[in-house]
Amino acid sequence: MSSDYLVRATAHGGLVRAFAIDATRVVEELKRRHDTIPVVTAAIGRLSTGALLFGAMLKESDHLVTLQIQGDGPAGTLLATANGSGGVRGLVGNPQPDIDQVRNGKLDVSGAVGTNGTLTVTKDVGLGKPSTGTVEIVSGEVGEDLAHYLLRSEQIPSALGIGVFVNADGSVEAAGGYLVQLLPGVNDADAERIENVIRDLPHPTAMLRAGESPEQILDRIFGTDHQVLEQRDVRFHCPCSLDRAERAIMMLGADAVAEMIEEGTARGGAEVICEFCTERYLVSLESLARIRESFE
1446 MSSDYLVRAT
1456 AHGGLVRAFA
1466 IDATRVVEEL
1476 KRRHDTIPVV
1486 TAAIGRLSTG
1496 ALLFGAMLKE
1506 SDHLVTLQIQ
1516 GDGPAGTLLA
1526 TANGSGGVRG
1536 LVGNPQPDID
1546 QVRNGKLDVS
1556 GAVGTNGTLT
1566 VTKDVGLGKP
1576 STGTVEIVSG
1586 EVGEDLAHYL
1596 LRSEQIPSAL
1606 GIGVFVNADG
1616 SVEAAGGYLV
1626 QLLPGVNDAD
1636 AERIENVIRD
1646 LPHPTAMLRA
1656 GESPEQILDR
1666 IFGTDHQVLE
1676 QRDVRFHCPC
1686 SLDRAERAIM
1696 MLGADAVAEM
1706 IEEGTARGGA
1716 EVICEFCTER
1726 YLVSLESLAR
1736 IRESFE
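FYI, the numbering for the sequence shown is 1446 to 1741, going by our numbering.
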C-alpha cells in the first residue's frame, strides 16, 4: 500500500459509514502541476481530497463525481473530479493570485476561495445524464461547504474533516482527513457519542503529521467498534492523451483546423495543453491534415 490511500469502513451495524484518507502525494502533485501558491494549494487540495472521499461512495470504477466551487475570491473557480477507483484531477482558475495568504497565523483559504458563491456536485454513474446538485457555500473553507452540501442536498448528517498542511517552502507535508455519515436508524445516544468524539479530534493534518494512518484516525473515532471494508490506493490521474487532443481539435471545425495548419507549419504541428494536468501534446501536421480532410 502506497502512502496515499483511503479506508472505507462501517460501524454500528452498518448504520454509520466512514472513510479516512491520506492524500499527501496527490496534493503535492496538484501543486506541482498547477504551480499554486500555498493558500491555493490548500484550497484545491481540500477540494480534491473531498472529491476522493465522495468518489469512494461510487459503485463502479468508471463512475465520476465532480466538485466545483465558484466563489467570489481571487482564486476563481476550483474544480476536482474523482472516479470510483481512487483517481483524481483538479483545476483552479487563478493558481497565483496576488493576495495576503495568512490570517490569524493560518492560511486564509476562505479569503482565496471567497465566502459567497456556489458548490456544485455532479455525479456521472453511466445512466446517460449526470445528476447535479448545487448549494450556496457557507464559509469558503471547503470542508464545511461539502458537509453542508451532504446535509442539504442528500439529507445525510455528515462530519467532514479535511486539511492540507503546506510547509514554508510551499511543499505539502500532509493532506487528508475523514468523512463520517450517520444513516437513518442510528440512535440518539450513538450519534451524540460520535459527534462528541469528532468534536474533540485533533485537526486531520495534525494526526497525519504525527504519523497516524487512516486506520488509526478511524480507531480514534470508533475504537474497536467498526469494520474496515476496503483499502484503496488514491492517486493523481488525468485521462488525457494525444488521441483526446486530436478529438478536441476536431470539435473546433474545419476553419479552425486550417488556421492551425497554417500557424503550425514552422513548428511541425499544433500544441494542445490539458487544463487539468498541464501535459502538452504536439498534434503533427499530418494529423491536422487528416482531421481537415474529415470535414470534406
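Glycine is no exception: its CB is placed at the ideal position from the N, C-alpha and C atoms.
With DSSP collapsed to three states, give me the class of Thr1744. Residue 1744 lies beyond the range of the chain shown here (1446 to 1741); nothing can be said about it.
Assigned secondary structure, His1479 (DSSP; H/G/I helix, E/B strand, else coil): Taking the sequence shown and counting its residues from 1, the one referred to as residue 1479 is at position 34. Judged by DSSP in its simplified three-state form, His1479 adopts helix.
Alpha carbons only, please: which of Thr1560, Leu1498, Thr1710, Val1609 is nearest the one belonging to Glu1731? The residue you call residue 1731 lines up with position 286 of the sequence shown. Nearest of Thr1560, Leu1498, Thr1710, Val1609 to Glu1731, Cα basis: Thr1710.
Going by the beta-carbon positions, is the gap between Gly1500 and Gly1521 smaller than 7 Å? Here residue 1500 refers to the residue found at position 55 when the sequence shown is read from its first residue. Here residue 1521 refers to the residue found at position 76 when the sequence shown is read from its first residue. Result no, Cβ atoms of Gly1500 and Gly1521 do not sit closer than 7 Å.
If you follow the alpha helix (DSSP H) that Asp1688 is in, where does it begin and where does it stop? Along the sequence shown, read from residue 1 onward, the residue named residue 1688 stands at position 243. Taken as a continuous stretch (DSSP letters only), the alpha helix (DSSP H) holding Asp1688 covers 1687–1695.
CA-CA distance, Gly1621 and Glu1691? As a position in the sequence shown, residue 1621 is number 176, starting the count at 1. As a position in the sequence shown, residue 1691 is number 246, starting the count at 1. So the alpha carbons of these two residues sit roughly 36 Å apart.
DSSP state of Ser1773, grouped into three classes? Any answer about residue 1773 is impossible in this case: the structure gives the chain only from 1446 up to 1741.
Between the C-alpha atoms of Met1705 and Cys1722, what's the straight-line distance to the nearest angstrom? The residue labelled residue 1705 in the question sits at position 260 within the sequence shown. The residue labelled residue 1722 in the question sits at position 277 within the sequence shown. Approximately 23 Å, taken between the alpha carbons.
Using the beta-carbon count (16 or more within 10 Å), is Ile1718 buried or exposed? The residue labelled residue 1718 in the question sits at position 273 within the sequence shown. With fewer than 16 other CB atoms across the displayed protein chains lying within 10 angstroms of its CB, Ile1718 is exposed.
For Asp1545, which residues from the same chain have a beta carbon less than 8 Å from its beta carbon, with the 5 sequence-adjacent residues on both sides left out? Within the sequence shown, numbered from 1, the residue matching residue 1545 stands at position 100. Correct list, in chain order: Asp1553, Gly1556.
So what does Val1611 bridge to, in DSSP terms? As a first step, residue 1611 must be located in the sequence shown, where it is residue number 166. In DSSP, Val1611 forms a bridge with Val1617.
Per-residue DSSP class, three states only, for Asn1632: As a first step, residue 1632 is located in the sequence shown; it is residue number 187 there, counting from the start. The DSSP-derived three-state label of Asn1632 is coil.
Touching or not, the stretch 1505–1516 and the stretch 1623–1637, by the rule of three or more beta carbon pairs under 8 Å? no
Looking at the unbroken beta strand (DSSP E) that takes in Phe1464, where does it start and where does it end? Along the sequence shown, one-based indexing puts residue 1464 at 19. Where Phe1464 is concerned, the enclosing beta strand (DSSP E) stretches over 1461–1467.
7 Å Cβ cutoff met for Pro1649 and Gly1608: Taking the sequence shown and counting its residues from 1, the one referred to as residue 1649 is at position 204. Taking the sequence shown and counting its residues from 1, the one referred to as residue 1608 is at position 163. Yes; because the gap between Cβ atoms is below 7 Å, this pair is in contact.
Assigned secondary structure, Asp1678 (DSSP; H/G/I helix, E/B strand, else coil): The residue labelled residue 1678 in the question sits at position 233 within the sequence shown. Asp1678 falls in the strand class under three-state DSSP.
So, under 8 Å CB-CB, Val1679 and Val1461 are touching, yes? Tell me the CB distance rounded to an integer number of Å. Here residue 1679 is taken as the residue at index 234 of the sequence shown, counted from 1. Here residue 1461 is taken as the residue at index 16 of the sequence shown, counted from 1. So it is not a contact: roughly 22 Å between Cβ atoms.
Whole beta strand (DSSP E) elements within the stretch 1481–1531, 3-residue minimum: 1509–1516, 1523–1528
Within its chain, find whatever has a CB closer than 6 Å to the CB of Ala1465; leave out the 5 residues flanking it on each side and keep chain order. Taking the sequence shown and counting its residues from 1, one reaches residue 1465 at position 20. Val1452, Tyr1623, Pro1659, Ile1662, Leu1663, listed in sequence order.
Tell me which same chain residues have a C-beta within less than 6 Å of the C-beta of Glu1473, skipping the five on either side of it? Within the sequence shown, numbered from 1, the residue matching residue 1473 stands at position 28. For Glu1473, where only same-chain residues beyond five positions count, the Cβ hits under 6 Å are Val1617.
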